[in-house]
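Sequential numbering of the sequence shown, starting at 91, is according to my numbering.
Quick reminder that beta carbons are idealized off the backbone N, C-alpha and C, glycines included.
Small disclaimer: the values here were computed from a predicted structure and weren't measured.
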Amino acid sequence: MTIRPAVVPNSVFDARASYAIMSDNEANEEASPGADDLRDRNVHGEPLQPCGRDPETGYLRDGHCRNLRRDPGRHEVCAVLTQEFLEYSKAQGNDLTTPRPSLNFPGLTPGDRWCLCVPRWAEAHEADCAPPVVLDATSEAVIDDIPLSTLESYAAEEWGDLP
91 MTIRPAVVPN SVFDARASYA IMSDNEANEE ASPGADDLRD RNVHGEPLQP CGRDPETGYL
151 RDGHCRNLRR DPGRHEVCAV LTQEFLEYSK AQGNDLTTPR PSLNFPGLTP GDRWCLCVPR
211 WAEAHEADCA PPVVLDATSE AVIDDIPLST LESYAAEEWG DLP
């Protein structure tokens, strides 16, 4: 299996900060259905379902793991977080468990649904600690980098991890 590498910021907060400097017009253009390379379809080619709203996830913090050209981290994989993955991510320099009030980030816990960066999920897969994936809420753009069969083998629906 080949998983293509992609450039990703050191932290989820790097990408969030780059979004924060967008003008309202740019943000509205990015969120519009006609925006370039925005694919609001899931890995099955069906309408993208929300990943999570508590805590609010997605690059736009709209609950969706969208493919957006302004998202350098590619927060497109909807995952059900596990303790093992959170520890792995922290060891890689991306602490997702510590609250950061200045960024309106509550900190994440096992069981939370979160839009992960494609490269980070792929790294975790290679390290045998990738969390389950919610296929209906994962962007179809992900299958350009990670085979659908790999994602399906981590389907949260199959693991019984969905509410």
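Would you kindly work out how many angstroms separate the C-alpha atoms of alanine 217 and tryptophan 211, rounded to a whole number?
10 Å
Using the beta-carbon count (16 or more within 10 Å), is arginine 203 buried or exposed?
buried
Assign leucine 176 to one of three DSSP states: helix, strand, or coil.
helix
Which residues does DSSP pair with histidine 215 in a beta bridge?
Answer is none; histidine 215 lacks a bridge partner.
Between which two residues does the beta strand (DSSP E) carrying leucine 186 extend?
No beta strand (DSSP E) contains leucine 186, which DSSP labels as neither H nor E.
Starting from the C-beta of valine 223, find all residues in its chain whose C-beta is less than 7 Å away, skip the five residues before and the five after it, and write them out in chain order.
Val167, Cys168, Ala169, Leu241, Tyr244, Ala245 and Ala246
Within 10 Å of its beta-carbon, does alanine 220 have 16 or more other beta-carbons around it, so buried, or fewer, so exposed?
buried
Keeping to the same chain, check which residues put their C-beta closer than 8 Å to that of threonine 188; ignore five residues upstream and five downstream.
Only residues of its own chain outside the window of five on either side were considered, and among them Gly197 have a CB closer than 8 Å to the CB of threonine 188, listed in chain order.
Taking the alpha carbon of glycine 153 as the reference point, which residue from Thr228, Glu174, Asp234 and Val232 has its own alpha carbon closest?
Answer by Cα proximity: Thr228.
Compute the distance between the beta-carbons of alanine 214 and asparagine 157, then report whether it is under 8 Å.
no
Give the DSSP-derived three-state secondary structure of proline 237 in the structure shown.
It is coil, neither helix nor strand.
To the nearest angstrom, how far is the alpha carbon of arginine 190 from that of glutamate 146?
When rounded, the distance between both Cα atoms is 14 Å.
Could you give the residue range of the beta strand (DSSP E) that holds arginine 203?
From DSSP, the beta strand (DSSP E) with arginine 203 extends over 203-207.
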